[in-house]
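Q:
Numbering (this note's numbering), first residue to last: 1 to 300.
(1) Is it buried or exposed, residue 164, if we count other Cβ atoms within 10 angstroms and call 16 or more buried?
(2) Find the nearest neighbour of residue 235 within the set 251, 252, 257, judged by alpha-carbon distance.
(3) Determine the DSSP secondary structure at residue 56, reduced to helix, strand or coil.
(4) If you compare alpha carbons, which of 31, 51, 88 is closest to residue 61?
(5) What separation, rounded to the nearest whole angstrom, lies between the Cα atoms of residue 150 and residue 179?
(6) Considering only the beta carbon of each residue, do residue 267 and residue 246 sit closer than 8 Å?
(7) Is residue 91 helix, strand or coil when you go by DSSP?
(8) Going by the beta-carbon positions, is the gap between residue 182 and residue 215 smaller than 8 Å?
(9) With a cut-off of 8 Å on the beta carbons, I'd call residue 76 and residue 40 a contact; round off their distance for me.
(10) Expressed to the nearest angstrom, what Euclidean distance is found between the alpha-carbon atoms of residue 171 and residue 65?
(11) Can you name the residues that DSSP bridges to residue 230?
(12) Leaving out five residues before and five after residue 297 in sequence, what residues of the same chain have Cβ atoms less than 8 Å from its Cβ?
(13) Evaluate residue 140 with the Cβ neighbour count: other Cβ atoms within 10 Å of its Cβ, from every protein chain shown; 16 or more gives buried, anything less gives exposed.
(14) Using alpha carbons as the reference points, say which of 275, 157, 129 lies closest to residue 251.
(15) The beta strand (DSSP E) that contains residue 169, what's its start and end?
(16) How should residue 125 be labelled, buried or exposed, when 16 other C-beta atoms within 10 angstroms of its C-beta is the threshold for buried?
(17) Using a 10 Å radius around the Cβ and a threshold of 16 neighbouring Cβ atoms, would you call residue 21 buried or exposed?
(18) Using a threshold of 8 Å, state whether the C-beta atoms of residue 282 and residue 205 are closer than that.
(19) Give every residue of the same chain whose Cβ lies closer than 6 Å to the Cβ of residue 287, excluding the five residues on either side of it in the sequence, and list them in chain order.
(20) So which of 13, 59, 46, 19 has the shortest CA-CA distance to residue 34?
(21) Once DSSP output is grouped into helix, strand and coil, what is the label at residue 160?
(22) So residue 175 packs on residue 147, CB below 8 Å; how close in whole Å?
(23) Among all the DSSP beta bridges, which residues are the ones paired with residue 281?
(24) Tell whether a beta-carbon distance below 8 Å holds between residue 135 and residue 208.
(25) Ignoring anything shorter than 3 residues, give me the beta strand (DSSP E) runs that lie fully in the stretch 207-271, in order along the chain.
(26) Just tell me which of 89, 161, 263 has its CA closest to the CA of residue 118.
(27) Using C-beta distances below 6 Å, list every residue in its chain close to residue 201, excluding the 5 sequence neighbours before and after it, in chain order.
(28) Out of curiosity, what's the CA-to-CA distance linking residue 197 and residue 231?
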């Protein structure tokens with residue numbers, strides 16, 4: 001009995017923030033005293049899960065439950081105290097927390113990314129990540145997959161967008177990368193109309209705001225600014241091209257180039273003026289403002 005009690009004491013001292021990170025949950029804001037998370041128990045857009053950094057104690061204000069690291073593991077894994085202690089003591093074979101969501105730069109440079117599994121997006125950590133980026137799971141599943149991959153001897157998971165050379169752009173809340181070969185992502189829907197963004201979350205944001213583009217336009221995601229010049233000839237074949245590129249120096253430069261080389265292009269970035277990109281605008285703006293500005297741009 002004494003041995004179990006000592007195990008409990010040690011387990012309660014295991015850092016809750018680190019434990020959550022191993023399952024792909026990261027704070028959306030943090031101070032010296034506390035860290036706030038999107039709840040690991042449900043999908044939400046406003047953080048309601050608090051961890052006291054001083055007391056190493058969590059509370060979920062959505063359900064008013066809380067407790068120690070042991071209580072957290074019991075709830076997340078739906079297991080007993082004994083099973084939670086086994087998981088926390090190092091028997092991690094069947095414990096979902098064993099997957100670190102982000103490889104180190106050294107690991108990534110030294111080892112190629114190997115895809116292990118491709119499936120529909122299901123993992124709660126990825127759903128919470130999408131929610132934090134103001135993207136619904138329904139929209140994300142239209143364009144992306146849940147990708148489990150290996151770098152060296154470690155396994156990870158993330159949101160994946162496949163490019164047209166069958167490589168993958170990979171994102172989770174703490175890391176972004178890509179497999180080889182690197183290329184643009186192009187979804188064919190309509191040979192006359194084209195919509196262009198720099199990254200996958202910009203395109204997902206557009207699909208949230210204008211669901212019809214999934215049927216009325218081909219969708220092009222550059223994935224890197226290096227591919228802009230090589231795509232000019234292909235872009236020029238479309239009758240109508242909408243540009244939703246970033247409003248930073250590189251993005252505006254790309255927009256200027258495409259407007260010059262492809263006369264049928266139209267710069268749509270005024271929609272999110274005052275923000276770096278369309279996803280940042282959607283996250284930080286009120287719904288009424290987003291709706292009104294979409295209407296204004298559509299009528300202009």
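Built from N, CA and C at the ideal position, the CB exists for glycine as well.
A: Result, derived from the coordinates:
(1) exposed
(2) 257
(3) coil
(4) 51
(5) 11 Å
(6) no
(7) Unreliable positioning characterises residue 91 in this predicted model, as indicated by a pLDDT of 43, which lies under 50. The coordinate reading is nonetheless provided below. Reduced to three states, the DSSP call for residue 91 is coil.
(8) no
(9) 6 Å
(10) 31 Å
(11) The partner list for residue 230 (beta bridge, DSSP) is empty, contrary to what the question assumes.
(12) 268, 270, 271
(13) buried
(14) 275
(15) 168-172
(16) buried
(17) buried
(18) yes
(19) none
(20) 59
(21) strand
(22) Residue 175 to residue 147, Cβ: 12 Å. No contact.
(23) DSSP output for residue 281 lists no bridge partner at all.
(24) yes
(25) 218-221, 240-244, 265-267
(26) 161
(27) 133, 279
(28) 13 Å
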